[in-house]
Amino acid sequence: MPELPEVESFKRYFDKTSLRQKIKRVRLAAPGMLFHSTEKEVLDNLEGNMFTETRRHGKFFFALLKRNGALMLHFGMTGDLVYHKPDKNSPIRFALLIEFANGKNLAFQDTRKLGMIGWVNDVDAFIQRQGYGEDALKISEKEFVASLQKRKTAIKTTIMNQRVVAGVGNEYSDEILFRSSIHPESPANALSDAKLKEIYSHMKSVLKVAVKRRADQKKMSEFFFLENRQAGLKCPEGCKGFTEFKTIGGRSAYFCPGCQKLYT
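Just so you know, we're using this note's numbering here: the sequence shown kicks off at 7 and counts up by one.
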């Protein structure tokens, strides 16, 4: 599932391919993915317009238009962007297709169709209205600690809660907690401020490295759980323990019980 680093990579890809080009036509093939928007709103506000800049907040991507608001995309589980020259002999599948006047197309693909497509009039108002927390790369240490210290939910569930902090998902949460030596079932309010600050520090460092390496997990070999999400592996920290799997808050969690302490 695309998390903050993957969406940041999509943002940079979009910046290189799709800004300041006149939008000739827009085709929506997955109206069920519309989020707080109608097909008419999306088409009317995009066609004849152009994208001038982009923003990312957590896992949400926004392409600001020269006139009238922004295109909003959420990549769900399988979302992707493909900028290409159309080929009648090899048509590309898409949920949303943006045809530019230069003859190139941008396809938003989502095989499982769990993502979202929409037009928003005001990006900041949209983020506030949906109740999303501060972006994981922008939130201050003070804000992070204050947001977590009174929550009774498991720490893994808490840092994945987009209303608490936006951008961390299943895979990166495992890596962050592994590097923090904290069991994912530990209630957030059982952790000291010092431990919450440690999680904050690892969250920042893991996400920054992932962004720098364009979310290519093959280039992040120092991050154990990004490459080895399975149970029964020897812990790389040398604790002689083995990794385990557990469902926490409805999500899969991988951890080492030998070196990740359970706080209660």
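Glycine included, C-beta positions come from ideal geometry on N, C-alpha and C.
Phe114 is the residue among Thr60, Asn74, Phe114, Gly64 whose C-alpha sits nearest the C-alpha of Asp86. Annotation for Met166: Val174, Gly175, Asn176, Ser179, Gly255, Arg257 place their beta carbon closer than 8 Å to its own, counting only its chain and skipping 5 residues before and after.
One alpha carbon belongs to Trp125, the other to Lys110, and they sit about 22 Å apart.
Burial state of Phe251 is exposed, judged by a 10 Å Cβ sphere holding fewer than 16 other Cβ atoms.
Check the Cα spacing between Gly247 and each of Phe81, Cys265, Asp141, Lys144: the tightest is with Cys265.
DSSP assignment within the region 147–187 yields no whole beta strand (DSSP E) run of 3 residues or more. Membership of Glu228 in any alpha helix (DSSP H) is not indicated, and neither H nor E is assigned to it by DSSP. Take Glu12, set aside five residues on each side of it, and the residues of its chain with a beta-carbon closer than 8 Å to its own are Phe81, Ala221, in chain order.
Residue burial is scored here from C-beta neighbours: Thr253 has fewer than 16 other C-beta atoms within 10 angstroms and is therefore classed as exposed.
Arg219 places its beta carbon less than 9 Å from that of Lys225. Where Asn111 is concerned, the enclosing beta strand (DSSP E) starts and stops at 111–116.
Taking 4 residues as the shortest admissible run, the region 80–112 contains no complete alpha helix (DSSP H) segment at all. Between the C-alpha atoms of Lys162 and Phe230 there is a straight-line separation of about 17 Å.
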